[in-house]
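Engineer: Going by our numbering, the sequence shown opens with residue 767, and the numbers climb by one from there.
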Amino acid sequence: MIIYDRKECIGCQICEIVCSMEHTGRINPKKSRIRYHDELPQIGKVEFCRQCLAKACVEVCPTHAISLSAIGTITLDYSLCTGCLQCNKDCPFGSLPMDGEYPLFCDTCNGNYQCTQWCPTKALKKGGAES
């Protein structure tokens, strides 16, 4: 799981850049699984799937489009997703970034945690599970 320290974040958005590069091969923050928001009332808020222990999204998905990968991260089967957003409604953090009508789940870059490696202030860190 990724731990976010709001006090350390400088809003550089490097996390968005490396995430979109990792997943799409190009810089496209709209495809990033982590999003930085600086507009009010979300000053300094970073939005991403925390891979929490609750995994409420897996339980509430009516089409079973959300499941756990081989390494235990939450994953989405886009062919089954209807875009109902029940996953976001039941997320204990309420913070899933969206790509159109589909939620984007952080997959920890298959355990490589690119955003934590590139964060210049270490506002994002690889950490233990959280409920």
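All residues carry an ideal CB built from backbone N, CA and C; glycine is no exception.
(1) First and last residue of the alpha helix (DSSP H) that includes I783?
(2) State the CB to CB distance for the pair I800 and C853, rounded to an integer number of angstroms; the pair is presumed to be in contact (CB under 8 Å).
(3) Between K773 and Q779, what straight-line distance do the alpha-carbon atoms span, to the nearest angstrom?
(4) Pairs of beta-carbons, one from the region 810-818 and one from the region 844-864, closer than 8 Å: are there three or more?
(5) Would you mind sorting T874 into buried or exposed? The rule is 16 or more other CB atoms within 10 Å of its CB.
(6) Could you check the C-alpha separation between Q880 and P828 for me, to the nearest Å?
(7) Below 8 Å, can you find three or more Cβ-Cβ pairs linking the region 818-836 to the region 776-793?
(8) Can you look up K888 in the DSSP assignment and give me helix, strand or coil?
(9) Considering only their Cβ atoms, is the gap separating I832 from C823 smaller than 9 Å?
(10) Find the nearest neighbour of C857 within the set R792, G777 and L870, judged by alpha-carbon distance.
(11) From this set, C775, E867 and K855, which residue's C-alpha is nearest Y802's C-alpha?
(12) If I measure Cβ to Cβ from N794 and keep anything under 7 Å in the same chain, skipping five residues before and after, which residues do I get?
Structural biologist: In brief:
(1) For the purposes of this step, residue 783 is taken as residue 17 along the sequence shown, with counting starting at 1. Element bounds for I783: I780 to T790.
(2) Counted from its first residue, the sequence shown places residue 800 at position 34. Counted from its first residue, the sequence shown places residue 853 at position 87. Not quite, the Cβ-Cβ distance comes to about 17 Å (not below 8 Å), so this is no contact.
(3) Here the question's residue 773 lines up with position 7 in the sequence shown. Here the question's residue 779 lines up with position 13 in the sequence shown. Going from the Cα of K773 to the Cα of Q779 covers about 15 Å.
(4) yes
(5) Start at 1 with the first residue of the sequence shown, and residue 874 comes out as number 108. With 16 or more other Cβ atoms within 10 Å, it is buried.
(6) Residue mapping note: residue 880 aligns to position 114 of the sequence shown, counting from 1. Residue mapping note: residue 828 aligns to position 62 of the sequence shown, counting from 1. So the alpha carbons of these two residues sit roughly 31 Å apart.
(7) no
(8) Within the sequence shown, the letter at position 122 stands for residue 888. Reduced to three states, the DSSP call for K888 is coil.
(9) Locating residue 823 in the sequence shown gives position 57, where the first residue counts as 1. Locating residue 832 in the sequence shown gives position 66, where the first residue counts as 1. Yes, they are a contact pair.
(10) By one-based count along the sequence shown, residue 857 stands at place 91. Of R792, G777 and L870, the smallest CA-CA separation from C857 is found for L870.
(11) In the sequence shown, the residue the question calls residue 802 occupies position 36. Ranking C775, E867 and K855 by Cα distance to Y802 puts C775 first.
(12) Position 28 of the sequence shown, counting from 1, holds the residue named residue 794. Once the five neighbours on either side are set aside, the close Cβ partners of N794 are S786.
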